[in-house]
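Here our numbering is used: the first residue of the sequence shown is 246, the next is one more, and so on.
Glycine included, every Cβ here is placed at the ideal spot set by N, Cα and C.
Everything numeric in this text was worked out from a predicted model, so none of it was measured.
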Amino acid sequence: MTEYGKKILEIVENSRSHMTAEQIFEQLRQSCPQVVLATVYNNLNRLWKEGRIRKVSVEGSPDRYDRILRHDHLVCKRCGRLLDVDLGDLTAQLERQVGFSILAYDLKLLYLCEECRKDQQEKGT
């Protein structure tokens, strides 16, 4: 793994904010001012393909990157905010229902975050 790859992996593993490639780039530039955005994208793609990080895709938002630790996500339908939620590992239960092995799953539960609920109530929508 390249030096940039190691630093990018460290950034993702230490973050709980589901960072975009651009956010990771900005953080990496603090210690490596010469890095270019393409390097970040290439390394993120490589780390994701190797199964070392998770890519979280939400329609209408840029991909975000997360640690590999098994967990699921709450996604605000309005603003796209992501929160971690631990529902346990549902693999065995899903396998019983479908009748075959599941390699992986990515559960995203839609909700309205507190800020969006308040804003919606204030606007009466």
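Per-residue burial, residue i [other beta carbons within 10 Å of its own, 16 or more giving buried]
i           : result
residue 259 : exposed
residue 330 : exposed
residue 326 : buried
residue 310 : buried
residue 254 : buried
residue 266 : buried
Residue i and residue j closer than 8 Å at C-beta
i           : j           : result
residue 281 : residue 303 : no
residue 332 : residue 352 : yes
Option in the options with minimal Cα separation from residue i
i           : options               : result
residue 248 : 364, 273, 360 and 263 : 273
residue 251 : 262, 278, 261 and 291 : 291
residue 356 : 332, 346, 333 and 323 : 323
Pairwise C-alpha distance: residue j and residue i
i           : j           : result
residue 277 : residue 264 : 18 Å
residue 271 : residue 261 : 16 Å
residue 328 : residue 342 : 27 Å
residue 288 : residue 315 : 22 Å
residue 313 : residue 299 : 6 Å
- Task: Please specify which runs of the alpha helix (DSSP H), each continuous and at least 4 residues long, are wholly inside the region 250-325, giving them in chain order.
- Result: 266-276 and 282-294
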